[in-house]
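Q: First to last, the protein sequences are chains A and B. Count the first sequence with our numbering and you get residues 239 to 502, in order. Count the second sequence with our numbering and you get residues 10 to 368, in order. Ideal placement from N, C-alpha and C gives every residue a C-beta, glycine not left out. Nothing here was measured: the structure is a model prediction, and the numbers come from that model. Quick one: the structure is below, and I'll ask about it shortly.
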Amino acid sequence: MKKYLLIGLIILIGTNLAVLGGVAYNRMGEATAQLTLTERELSLPYNSSARKENSGMSLSIDWRTPSRNNETYYPRDIRITKDELLALGFAQVDVKDNYWVESRELYWAFEFDGALHKAEVIKAKEKYQTALLAYEEQSSDTNSYKKNEYSESLAREKTTNSRLFFVEASADYESLATKFAAQQNILIVKGLAKPYYNNSDKTYSLQLMHLSVRHIMVPLEYTKALVDLKRIDRQDITPPRYAVDISWGNRLEPWIVDVKRLTD
Amino acid sequence: MEEKQFTQSDAQNRVEQISAFEQELAELSNDGVLTLAQEQYEQVQNYHHQLRDNFSKKYDVDISTQSKQLTLGMKIASLLGALAMAISIFFLFFQFWGYISTPIQVGILITAPVSLFLLSLSLAQKEKSAYFSKIAALVSLSCFVLNLSMLGQIFNITPSPNAFAVWAAFAFLLAYACNARLLLFFGIVSISSFIAMKIGTWSGIYWISFGERPENFFIPSLLIFILPQLVIHKRFTGFEVIYRVVAMIMIFLPILILSNWGKISYLSWSASTIEGFYQLIGFVLSASAIWLGIKRHWGEVTNTGNVFFILFLYTKFFDWWWDWMPKYIFFFILGLSALLALMVFKRIRLSNLSEGVAS
Numbered sequence: 239m240k241k242y243l244l245i246g247l248i249i250l251i252g253t254n255l256a257v258l259g260g261v262a263y264n265r266m267g268e269a270t271a272q273l274t275l276t277e278r279e280l281s282l283p284y285n286s287s288a289r290k291e292n293s294g295m296s297l298s299i300d301w302r303t304p305s306r307n308n309e310t311y312y313p314r315d316i317r318i319t320k321d322e323l324l325a326l327g328f329a330q331v332d333v334k335d336n337y338w339v340e341s342r343e344l345y346w347a348f349e350f351d352g353a354l355h356k357a358e359v360i361k362a363k364e365k366y367q368t369a370l371l372a373y374e375e376q377s378s379d380t381n382s383y384k385k386n387e388y389s390e391s392l393a394r395e396k397t398t399n400s401r402l403f404f405v406e407a408s409a410d411y412e413s414l415a416t417k418f419a420a421q422q423n424i425l426i427v428k429g430l431a432k433p434y435y436n437n438s439d440k441t442y443s444l445q446l447m448h449l450s451v452r453h454i455m456v457p458l459e460y461t462k463a464l465v466d467l468k469r470i471d472r473q474d475i476t477p478p479r480y481a482v483d484i485s486w487g488n489r490l491e492p493w494i495v496d497v498k499r500l501t502d
Numbered sequence: 010m011e012e013k014q015f016t017q018s019d020a021q022n023r024v025e026q027i028s029a030f031e032q033e034l035a036e037l038s039n040d041g042v043l044t045l046a047q048e049q050y051e052q053v054q055n056y057h058h059q060l061r062d063n064f065s066k067k068y069d070v071d072i073s074t075q076s077k078q079l080t081l082g083m084k085i086a087s088l089l090g091a092l093a094m095a096i097s098i099f100f101l102f103f104q105f106w107g108y109i110s111t112p113i114q115v116g117i118l119i120t121a122p123v124s125l126f127l128l129s130l131s132l133a134q135k136e137k138s139a140y141f142s143k144i145a146a147l148v149s150l151s152c153f154v155l156n157l158s159m160l161g162q163i164f165n166i167t168p169s170p171n172a173f174a175v176w177a178a179f180a181f182l183l184a185y186a187c188n189a190r191l192l193l194f195f196g197i198v199s200i201s202s203f204i205a206m207k208i209g210t211w212s213g214i215y216w217i218s219f220g221e222r223p224e225n226f227f228i229p230s231l232l233i234f235i236l237p238q239l240v241i242h243k244r245f246t247g248f249e250v251i252y253r254v255v256a257m258i259m260i261f262l263p264i265l266i267l268s269n270w271g272k273i274s275y276l277s278w279s280a281s282t283i284e285g286f287y288q289l290i291g292f293v294l295s296a297s298a299i300w301l302g303i304k305r306h307w308g309e310v311t312n313t314g315n316v317f318f319i320l321f322l323y324t325k326f327f328d329w330w331w332d333w334m335p336k337y338i339f340f341f342i343l344g345l346s347a348l349l350a351l352m353v354f355k356r357i358r359l360s361n362l363s364e365g366v367a368s
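Structure representation (structure tokens):
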């Protein structure tokens, strides 16, 4: 029995030491990124019945890709060439039926509250201006509906939509870190992506599946600022109610440094 | 009185052997074939009585049919109790962890599996049948699973397949310490998943997608099948059976999937060629398993081989005939094939019997 006891304790304590050592290493030294995200980028959990059984609180990271021309939704894929896919490490990009292509873990770079978001605001403004002009020329129901819809879209873009934009994926961290070294608002994390081949227009794209760490746990000392809040509907145009200071460490894993209430 | 060392299963077998002997002796006596002298009969009876008493005290074996039935009930109760308690631990932690600070959360997560591990070892030493130690061991394993997965959530750690390796190591350790087959099963499943994940990662896929390529399971299942040949499991009741059956399921299920769904193979042939290839492999391997099981007297290997041979055969019948054949003919052919299998097994059984008589 002594042999079992010794091996068992080594497994249990050794594993925990390794895990906690990894956490300490992640938080050691200078953070790889530090951002103050708001409710626009960090959603509260859903108040489903399952939540009643779980008292822990975690915030999910909301990110976007830049909208394409004439498209009003934000796709979770980006256009890419076959060579770029090969450079990302995909070997099966020549598979034409997309039947069974697995995801790979890649490094993703995000831009927070930068040029990409400004461009989205400009796009939303232009759409609204066009709709407003059309309505002023002819005040039909359709034009009125469009004017109101684009007005709301613009307000949402300015007030509630996420400002965290996907910029680029890479197979290695260093190339992204070097490329964006001069920018303070860049976040590099790991995420899963897989290639897609469009047989009709013969183009390739990279489908951005999800981040490797999708949720950020809120430690007890910061939950007070959030505990009485409920998740807002995506259609609501409500200014963000909280801001969260987050650091990302050596292993690109995040942790919350502070949580502040923005409105009372 | 002999002082030979037994395992619990050896002792149970010996008790059953004694009962069979007593019944046969009574039959022989009734038929007038053999009647022991009163003195001899009493001598044998006394010896068996002492032996049974000793086994009952030392190994907690069942000496009657009633106690055997009760033991089965206790085993089922202990299995259900252990599973329910393991699930309860998860819900208990989820219910309250939001109200406690991170250092206390970490403290609870680390001390829970350690203390339950110590409890299970202590109970395993004290108990003869180890019902409670097995429950404590399973709850300890589930606490360890909770420990690592919750540390991952608390500290926002990137998920890693390595957790499966340590869960497997701990499950194996508990299985051998408490002689628990359920824990051995969890250990085998965890280590096989870990190896399959690693193989998947080497071929470029994300580790969670390991199940999308069934061929990832071939190497772990072969290793698991060979393991009981390399390590003697005399002291551990039913461990070899668990190793072989789980390994066979892990090799035959992927083959069955690939024989119907060739596109998910690593092989670069056309889907129909891959499916044909795996159908052939499936038939050859399941027939070989039946042969190996008969040769080595591994009943579980023969039975598992039988089940998969029939599955391969029936899926093929379904592929060939289901769409165009009238259903009464389809099921009639299934029935005929079962009769054919019955005849083949009967011939094998007869030849085995005649070999047994000759030897």
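Based on the DSSP output, what are the partners of residue 429 of chain A in its beta bridges?
A: The residue given as residue 429 of chain A occupies position 191 in the first sequence. Note: residue 429 of chain A sits in a beta bridge opposite A:344, A:449.
Q: Our contact map puts residue 467 of chain A next to residue 270 of chain A with C-beta atoms below 8 Å; I'd like the distance itself, whole angstroms only.
A: The residue labelled residue 467 of chain A in the question sits at position 229 within the first sequence. The residue labelled residue 270 of chain A in the question sits at position 32 within the first sequence. With 8 Å as the limit, residue 467 of chain A and residue 270 of chain A do not qualify as a contact, their Cβ atoms being about 29 Å apart.
Q: Check whether the region 214 to 234 of chain B touches the region 256 to 271 of chain B, taking contact to mean three or more Cβ pairs, one atom from each stretch, closer than 8 Å.
A: These segments touch.
Q: Looking only at its own chain, which residues have a Cβ that is under 7 Å from the Cβ of residue 94 of chain B, when we skip the five neighbours before and after it?
A: Position 85 of the second sequence holds residue 94 of chain B. Within the same chain, residue 94 of chain B has close Cβ partners 144, 148.
Q: Would you mind reading off the limits of the alpha helix (DSSP H) that contains residue 122 of chain B?
A: In the second sequence, residue 122 of chain B corresponds to position 113, counting from 1. That run of the alpha helix (DSSP H) goes 111 to 135.
Q: When DSSP builds the beta bridges, which residues end up paired with residue 480 of chain A?
A: Locating residue 480 of chain A in the first sequence gives position 242, counting from the first residue. Answer is A:499.
Q: Shorter than 8 Å from the beta carbon of residue 63 of chain B to some beta carbon of chain A?
A: Taking the first residue of the second sequence as position 1, residue 63 of chain B is located at position 54. No - not a single Cβ of chain A is within 8 Å of the one on residue 63 of chain B.
Q: With a cut-off of 8 Å, does the C-beta of residue 223 of chain B fall near any C-beta of chain A?
A: Within the second sequence, the letter at position 214 stands for residue 223 of chain B. No, its Cβ sits nowhere closer than 8 Å to a Cβ of chain A.
Q: Which of the three DSSP states, helix, strand or coil, is assigned to residue 379 of chain A?
A: Position 141 of the first sequence, counted from the start, is the residue given in the question as residue 379 of chain A. Three-state result, residue 379 of chain A: helix.
Q: Kindly identify the DSSP beta-bridge partner or partners of residue 272 of chain A.
A: Along the first sequence, one-based indexing puts residue 272 of chain A at 34. Note: residue 272 of chain A sits in a beta bridge opposite A:485.
Q: How long is the line joining the alpha carbons of residue 11 of chain B and residue 57 of chain B, rounded to whole angstroms?
A: Locating residue 11 of chain B in the second sequence gives position 2, counting from the first residue. Locating residue 57 of chain B in the second sequence gives position 48, counting from the first residue. Confidence at residue 11 of chain B is low in this model, with a pLDDT of 49, below 50, so its placement is unreliable and the value that follows should be read with caution. The alpha-carbon atoms of residue 11 of chain B and residue 57 of chain B are separated by roughly 12 Å.
Q: Is residue 165 of chain B close to chain A, meaning its C-beta is less than 8 Å from at least one C-beta of that chain?
A: Here the question's residue 165 of chain B lines up with position 156 in the second sequence. So yes, residue 165 of chain B belongs to the interface.
Q: For residue 437 of chain A, write down the residues that DSSP places opposite it in a beta bridge.
A: For the purposes of this step, residue 437 of chain A is taken as the residue at position 199 of the first sequence. For residue 437 of chain A, which the question treats as bridged, DSSP gives no partner whatsoever.
Q: For chain A, is any of its Cβ atoms less than 8 Å away from the one on residue 106 of chain B?
A: Counting from 1 along the second sequence, the entry for residue 106 of chain B is found at position 97. At least one chain A Cβ lies under 8 Å of residue 106 of chain B.
Q: Could one say the Cβ of residue 314 of chain A lies closer than 8 Å to chain B's Cβ atoms, at least one of them?
A: As a first step, residue 314 of chain A must be located in the first sequence, where it is residue number 76. No, its Cβ sits nowhere closer than 8 Å to a Cβ of chain B.
Q: In the region 352 to 367 of chain A, which residues sit with their C-beta less than 8 Å from some C-beta in chain B, listed in chain order?
A: Here the close residues number zero.
Q: Which of the residues in the region 446 to 463 of chain A, read from start to end, lie with their CB under 8 Å from any CB of chain B?
A: Listed by position, the residues of the region 446 to 463 of chain A near chain B (Cβ gap below 8 Å) are 450, 451, 453, 454, 455, 457, 458, 459, 461.
Q: In angstroms with no decimal places, state the Cα-to-Cα distance between residue 462 of chain A and residue 92 of chain B.
A: As a first step, residue 462 of chain A must be located in the first sequence, where it is residue number 224. As a first step, residue 92 of chain B must be located in the second sequence, where it is residue number 83. If you take the alpha carbons of residue 462 of chain A and residue 92 of chain B, they lie about 36 Å apart.
Q: Is it true that the region 121 to 130 of chain B meets the region 239 to 252 of chain A, where meeting means three or more beta-carbon pairs spaced less than 8 Å apart?
A: The region 121 to 130 of chain B, when compared against the region 239 to 252 of chain A, does touch it at the 8 Å Cβ threshold.
Q: Who are the Cβ neighbours of residue 243 of chain A in its own chain at under 7 Å, not counting the five residues just before and after it?
A: Residue numbering aside, residue 243 of chain A sits at position 5 when the first sequence is read from its first letter. None.
Q: So what does DSSP say about residue 351 of chain A, is it helix, strand or coil?
A: Taking the first residue of the first sequence as position 1, residue 351 of chain A is located at position 113. Looking at residue 351 of chain A - three-state DSSP - the assignment turns out to be coil, as it is neither helix nor strand.
Q: Ordered along the chain, which non-local residues of its own chain (more than five positions away) have a Cβ less than 7 Å from that of residue 317 of chain A?
A: Mapped onto the first sequence, residue 317 of chain A falls at position 79. 441, 443, listed in sequence order.
Q: Do the region 376 to 392 of chain A and the region 253 to 269 of chain A make contact, defined as three or more Cβ pairs closer than 8 Å?
A: Because the criterion of three Cβ pairs below 8 Å is not met, the region 376 to 392 of chain A and the region 253 to 269 of chain A do not touch.
Q: How should residue 340 of chain A be labelled, buried or exposed, when 16 other C-beta atoms within 10 angstroms of its C-beta is the threshold for buried?
A: For this step, residue 340 of chain A is matched to residue 102 along the first sequence. Buried is the call here.
Q: Taking DSSP as the reference, what is the three-state secondary structure of residue 474 of chain A?
A: Position 236 of the first sequence, counting from 1, holds the residue named residue 474 of chain A. Here residue 474 of chain A sits in coil by DSSP.
Q: Comparing C-alpha positions only, which one of B:170, B:242, B:253, B:176 sits nearest to residue 218 of chain B?
A: Here residue 218 of chain B refers to the residue found at position 209 when the second sequence is read from its first residue. Among B:170, B:242, B:253, B:176, the Cα nearest to that of residue 218 of chain B is on B:170.
Q: Could you tell me the distance, in whole angstroms, from the CA atom of residue 493 of chain A to the CA atom of residue 484 of chain A?
A: Within the first sequence, residue 493 of chain A is the residue found at index 255, counting from 1. Within the first sequence, residue 484 of chain A is the residue found at index 246, counting from 1. Roughly 6 Å between the two C-alpha positions.
Q: Where are the alpha helix (DSSP H) runs, 4 residues long or more, that stay fully inside the region 291 to 363 of chain B, in chain order?
A: The region 291 to 363 of chain B contains these whole alpha helix (DSSP H) runs: 308 to 330.
Q: How is the beta strand (DSSP E) around residue 406 of chain A delimited, first residue to last?
A: Taking the first residue of the first sequence as position 1, residue 406 of chain A is located at position 168. Counting along the chain, the beta strand (DSSP E) containing residue 406 of chain A begins and ends at 402 to 408.
Q: What residues in its chain sit with their C-beta under 7 Å from that of residue 495 of chain A, if we drop five residues either side in the sequence?
A: To locate residue 495 of chain A, count along the first sequence from 1; it is residue 257. Answer for residue 495 of chain A: 483, 484, 485, listed in chain order.
Q: If you draw a straight line from the C-alpha of residue 366 of chain A to the C-alpha of residue 162 of chain B, how long is it?
A: Counted from its first residue, the first sequence places residue 366 of chain A at position 128. Counted from its first residue, the second sequence places residue 162 of chain B at position 153. About 42 Å.
Q: How far does the alpha helix (DSSP H) with residue 19 of chain B in it reach, from first residue to last?
A: For the purposes of this step, residue 19 of chain B is taken as the residue at position 10 of the second sequence. Here the alpha helix (DSSP H) through residue 19 of chain B covers 17 to 39.
Q: Rounded to a whole number of angstroms, what is the C-alpha to C-alpha distance between residue 267 of chain A and residue 118 of chain B?
A: As a first step, residue 267 of chain A must be located in the first sequence, where it is residue number 29. As a first step, residue 118 of chain B must be located in the second sequence, where it is residue number 109. C-alpha separation (whole angstroms): 27 Å.
Q: From residue 29 of chain B to residue 354 of chain B, what distance separates their C-alpha atoms?
A: The count along the second sequence starts at 1 and reaches residue 29 of chain B at position 20. The count along the second sequence starts at 1 and reaches residue 354 of chain B at position 345. So the two alpha carbons sit approximately 28 Å from each other.
Q: Could you name the residues of chain A that residue 50 of chain B contacts, counting a contact when the two beta carbons are closer than 7 Å?
A: Working through the second sequence from its first residue, we reach residue 50 of chain B at position 41. Correct list: empty, because the minimum Cβ distance to chain A is about 43 Å.
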